[in-house]
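Okay, structure first, notes after.
There are 4 protein chains.
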Amino acid sequence: MSVNTFGHLFRVTTWGESHGPALGATVDGCPPGIPISEADLQVWLDRRKPGQNKFTTQRREDDAVEILSGVFEGRTTGTPIQLMIRNTDQRSKDYGDIAEKFRPGHADITYWQKYGIRDYRGGGRSSARETAARVAAGGIARAALAELVPGMTITGYMVGMGEHQIDRSSFDWDEIGRNPFWCPDADAVAVWSDYLEGLRKAGESVGAMIEVTVSGSPAGLGAPVYGKLDTDLAAAMMSINAVKGVEIGEGMAAARLRGSENADEIFRGNDGAPVFSSNHAGGILGGISTGQDIVVRFAVKPTSSILTPRKTITKSGEPTEIVTKGRHDPCVGIRAVPVAEAMAACVMLDHLLLDRGQTGGIRGPIG
Amino acid sequence: MSVNTFGHLFRVTTWGESHGPALGATVDGCPPGIPISEADLQVWLDRRKPGQNKFTTQRREDDAVEILSGVFEGRTTGTPIQLMIRNTDQRSKDYGDIAEKFRPGHADITYWQKYGIRDYRGGGRSSARETAARVAAGGIARAALAELVPGMTITGYMVGMGEHQIDRSSFDWDEIGRNPFWCPDADAVAVWSDYLEGLRKAGESVGAMIEVTVSGSPAGLGAPVYGKLDTDLAAAMMSINAVKGVEIGEGMAAARLRGSENADEIFRGNDGAPVFSSNHAGGILGGISTGQDIVVRFAVKPTSSILTPRKTITKSGEPTEIVTKGRHDPCVGIRAVPVAEAMAACVMLDHLLLDRGQTGGIRGPIG
Amino acid sequence: MSVNTFGHLFRVTTWGESHGPALGATVDGCPPGIPISEADLQVWLDRRKPGQNKFTTQRREDDAVEILSGVFEGRTTGTPIQLMIRNTDQRSKDYGDIAEKFRPGHADITYWQKYGIRDYRGGGRSSARETAARVAAGGIARAALAELVPGMTITGYMVGMGEHQIDRSSFDWDEIGRNPFWCPDADAVAVWSDYLEGLRKAGESVGAMIEVTVSGSPAGLGAPVYGKLDTDLAAAMMSINAVKGVEIGEGMAAARLRGSENADEIFRGNDGAPVFSSNHAGGILGGISTGQDIVVRFAVKPTSSILTPRKTITKSGEPTEIVTKGRHDPCVGIRAVPVAEAMAACVMLDHLLLDRGQTGGIRGPIG
Amino acid sequence: MSVNTFGHLFRVTTWGESHGPALGATVDGCPPGIPISEADLQVWLDRRKPGQNKFTTQRREDDAVEILSGVFEGRTTGTPIQLMIRNTDQRSKDYGDIAEKFRPGHADITYWQKYGIRDYRGGGRSSARETAARVAAGGIARAALAELVPGMTITGYMVGMGEHQIDRSSFDWDEIGRNPFWCPDADAVAVWSDYLEGLRKAGESVGAMIEVTVSGSPAGLGAPVYGKLDTDLAAAMMSINAVKGVEIGEGMAAARLRGSENADEIFRGNDGAPVFSSNHAGGILGGISTGQDIVVRFAVKPTSSILTPRKTITKSGEPTEIVTKGRHDPCVGIRAVPVAEAMAACVMLDHLLLDRGQTGGIRGPIG
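Residue numbers (our numbering), protein chains in the order written: chain A, 1 to 367; chain B, 1001 to 1367; chain C, 2001 to 2367; chain D, 3001 to 3367.
Rendered as structure tokens:
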């Protein structure tokens, strides 16, 4: 069981450290014949790329992806696809201080304890830079989904930043791509912008709430009981750096509801397919998609890389303080949005393949 | 990739339906030489067993577990352990109505759509009865942990029921086993009891919030980046029936915090081991345990099996209504507590084995 | 990675010991809607059952299989199928002697060394009785293949017993089921019968060579480079008790050939599909089926359970001798034939599902 | 289940095509703290490298390996190790002819049928060039084994080439590295040299028999019943290009033996550990190592790339002939030797980790 791999049939293994020569993803199990190019993948990587505005780390990385295998004359061959991204702006001098000190809220101390060795430069393997590889792999998944389920869309967006939330009544899908926060509420953007600028100047950071909606999924995806669609989506999101909670549909709020409030009643739509009166379930019942929108939401903690001195210890156990002066993001949640989309795309494709493997894509008819 | 299996090295495959002859768990990868008996397992099963008080389903099941393999002269042999639980009180007449109608909020419609066939009796495979097998397997995991990490404890409890929450300042570990809600707050018990009795009489149901704390875990467990300890715990909990959200430590609330509020500072304890000023992280950093308490929390939705008629359709697509008259629980979250403990035990043992496989149990020294 | 499980999508986990209460197979990933009954499975189990003639162990076992889950109203539901076989004739008194002594050529000593505990009764988990569970699982695979690839046949037979071989020019498919050796050469049967009777009376045992032919396989099954069809068939056969070698097509003899002798030339058949001048490849090129007959062959060693005293040691390290007086087979290869068929059926179905998962069953056209 | 991955805990995923920009291996699960450098790996790659003498393909490849991740300051960190080998001498003009024609005995036709697209340049993914990645990964495994089991040696050698075999009585371990055939019999070298030179000039090819011996393995490795040590070794070897048969110890010849001839009697050695009178078992009983030499043998077919015209068809189904004029090996078995050693090293390390994961390395004492 490769612990740097996720997926059942569409399997992605990421590799690489923040300040090594390169990082990437080994993608196995992609359907053959899918049109794909480096330029296609670069579109997604550019959305996650650092240094694009003042709200994300000023580290300069091209994040240029190279396809080293598995694609021939512009189409996938069904063999492993190797996606490599060179690290170019490594400036490791920024990180010299953390060779000896453990940063609070970071994986420094646990990697050290587990492995007895750690690449401390920029967090090494535990750096969020690893997520660039996920985004590249997600680009492959999206290309395959575009062929296999043409109507499916996968959209991530930020619904909360620190103490601020979007107003759901102002939700505008088109707004999402227009602001640096992937925020669907135009009124919130101005508020969040001022808020985050204040935090940035104060050397402070803040958490965020992200949501991903998958529209156009066929019913029937997900494999009970331990490969449930919601289980795999939850695992995919929880594996992203700094994520501390994941919910599906009504989520944690379901704990406060009554049965009469929560169940989605079923009707027959004009085209004969089932329709539901509501979507508390988030598009998944018993681990299997209903055909409704699939809605997954997760919380990203505020990064611990702040300018306020924090108490910690050194490898030799001495008490000390640390201030993280590197180039960091005041709200790492922003860059988690394209990562979450990528993870959702990988999970959806994986379950599509898994389903057609077992069932051949048959569907129990209704009506 | 067996979708009815979870775990990397300690692997549990559950099988069986609500109203078939039996259900159970095939447990592979258990360390050899662990003392275990059917009586040891029964202790855990009895905690989940239905019909123990008026707040859980009146279905009568002994839930007597049989060990069919893998144990010799009272100790595990390292070969697969088969745990079987016979279904005795099947009363399938209660469920005749649901052969044709899809219950809202249940997996009836999605199983039908995916497989084109479903065992409708009591929900078949999607019934929460499947969790009895998890509890049995969890009993094996607990026995192995007792040998390998004698000080570890795994305790689940309910921290919220519908609109009511516990008062953390009244938290009492000893209270948990004294009331039917696994509630750690004695004052809350009376309130919840009246509240739930009212809901039960009204044929209504309610959601719940459960928390599991693992104390005494060594640092260093968890395998980044897709076999993180929090990722696997999240998946384990999300795979439980009716769970809609999972959090670690600060959880969803982390989205609202600032970096200066969230990071846990590090100090050196009297015994030289690191100690932390707080536990926002829930005992896990970068997917690896810190040695602090591991805290995972999840929300259980209210069951849709209520006495209020709900609109739905039949297999032939006709609109209809359904009232679930079976023997059901007004708060299914209650019985999720021992299930969650069992899942946590399986994850902890699995990661213990995985860690010693890769690292041999070496630990980077501090100080 | 469950080490008692084989298969990618159609996954079989066997469990149970020779003298425990029961043994069986947990089968996950079977396509839904496949017609199956206990009687259907019993047909295959009866072929492997001991005590049917004087050439197989006189242990009396009904080997009656029970389906405990995953089948509803006569069809598979897509959920795990639990197959259980009770052990009825355990007569453990026969095996008392081996509690302290390690039988040469058996797994007694290695199980002891690895696990520090072993169920010595009848070999425990290492007993060939475990293969009954494989045969039951293979029956499920055959039923699914009958639906998905109606023309496929999977036939095992013995091509050599000790110093005797079949004459390929006398090969008769119909003869296979008519004699106790699954021998396709009627002339060989009489010779083998006398030969084995002599060995049996002398308390001696002998090895065997088994071949399995899969006819009617579609081209395109097998997943390079580590899930090759031949790799998985080789692993499946090598996992059977007492197997010491496996070959595909020309097999070990290929080492002695020249390129001009070994390559199978390609032509176009009357129906447009490719045909080959020969089948040195055994139906597999680059790990993928060609559409020709798939031919796998393996050697079964003679059992070490013989009446001649053999030198060994006890658990306390003392030198001693052992004579195995239990009820054993002079040629265990005979009963390996239905086991090998079952393993081949599981591999073929697994690869069929794996292929349609990744490719959707598309095929590159020729002509 | 990634089909381009092998291993349970030490997992190797290879990627890349013969004529793409690069190929390599993603190695996950390596123990941390293992000293390793590119130069250490290069030693093993140079043994497999083409163009070293007149008996191997004249393709010029440096096969220079780059470590892109997972190693920090000269030691493994426990995170994924990416090993990349650039393809430098691609000369794809040599292969233009095979874009339309299927080479007999090659995977051209099956890749086409399965995927509907194939990278025909040099065989694409099915090229034996993929094995360079295995050798690199094997170098990592060897380095880890050197730390964990210092006395273990893994040695491959050729025991037969076409109609010629070594004389076992002339076996000389030191001779293996002195001749281009990895042949342990000095007398055979001269004969084989003339023989192969004749075949080479005739544009002919020949098969080979390879053996790998693992000495110094602890007892207790291997995980019954589907992760047996012999099962995994067989699968590892069978997955190598052109391999058609695999045997352990006595191998296929066991089919001809009697029980009294085959069983290895057990004695107590001077140091108290068990010793055996012989090694028909090839060091493995019941899938678990005995502590004796582990002996695995396999047959490599003669390559179909010969100068004799062979009949075949084109993608459009037209009959044609093909002569393979590329730079090929008259005996591909020669270069399979270092590949087989690498595969054996990976399997041994994997089972070492798997065993200590489950059992913690405990061993049942004898005496």
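By construction, the Cβ of each residue, glycine as well, lies at the ideal position given by its N, Cα and C atoms.
Expected contact under 8 Å - CB spacing of residue i and residue j to nearest Å
i	j	result
residue 3299 of chain D	residue 2254 of chain C	5 Å
residue 203 of chain A	residue 307 of chain A	3 Å
Closest residue to residue i among the options (Cα-Cα distance)
i	options	result
residue 2147 of chain C	C/2208, C/2076 and C/2167	C/2076
residue 268 of chain A	B/1318, B/1080 and B/1363	B/1318
residue 3053 of chain D	D/3087, D/3262, D/3331 and D/3005	D/3331
residue 3285 of chain D	D/3302, D/3263 and D/3301	D/3263
residue 2099 of chain C	C/2367, C/2089 and C/2111	C/2111
residue 13 of chain A	A/336, A/66 and A/136	A/136
residue 2229 of chain C	C/2002, C/2007 and C/2003	C/2007
residue 3035 of chain D	A/150, A/117, A/310 and A/20	A/117
residue 2309 of chain C	C/2089, C/2087, C/2083 and C/2105	C/2105
residue 2351 of chain C	A/2, A/126 and A/9	A/9
residue 1089 of chain B	B/1179, B/1083, B/1218 and B/1020	B/1020
residue 2143 of chain C	C/2363, C/2361, C/2362 and C/2342	C/2342
residue 1334 of chain B	B/1048, B/1103 and B/1240	B/1048
residue 3151 of chain D	D/3261, D/3163, D/3192 and D/3216	D/3216
Cβ neighbours of residue i in the same chain (closer than 8 Å, five flanking residues each side left out)
i	result
residue 234 of chain A	246, 248 and 296
residue 3187 of chain D	3167 and 3170
residue 2279 of chain C	2249, 2264, 2292, 2293 and 2295
Own chain, CB closer than 6 Å to residue i, minus 5 neighbours either side, in chain order
i	result
residue 2123 of chain C	2018
residue 1275 of chain B	1267 and 1269
residue 3139 of chain D	3041 and 3044
residue 78 of chain A	32
residue 2232 of chain C	2347
residue 3125 of chain D	3017
residue 2023 of chain C	2016, 2085 and 2133
Proximity below 8 Å, CB of residue i to CB of residue j
i	j	result
residue 1156 of chain B	residue 1212 of chain B	yes
residue 114 of chain A	residue 1257 of chain B	no
residue 63 of chain A	residue 85 of chain A	yes
residue 3182 of chain D	residue 3323 of chain D	no
residue 1225 of chain B	residue 1344 of chain B	no
residue 83 of chain A	residue 349 of chain A	no
residue 2220 of chain C	residue 2363 of chain C	yes
residue 315 of chain A	residue 1067 of chain B	no
Inter-residue Cα distance where the pair is residue i and residue j
i	j	result
residue 3015 of chain D	residue 271 of chain A	45 Å
residue 3055 of chain D	residue 3128 of chain D	16 Å
residue 3185 of chain D	residue 3238 of chain D	25 Å
residue 3069 of chain D	residue 2354 of chain C	31 Å
residue 130 of chain A	residue 1356 of chain B	25 Å
residue 1223 of chain B	residue 1288 of chain B	7 Å
residue 197 of chain A	residue 190 of chain A	11 Å
residue 179 of chain A	residue 1195 of chain B	46 Å
residue 3065 of chain D	residue 1165 of chain B	59 Å
Check: residue i C-beta below 7 Å from any heavy atom of the ligand ADP
i	result
residue 1007 of chain B	No copy of the ligand ADP appears in this structure; indeed no ligand is present at all.
Sequence-distant residues of the same chain with beta carbon closer than 7 Å to residue i, five excluded per side
i	result
residue 3037 of chain D	3074
residue 2011 of chain C	2005, 2028 and 2029
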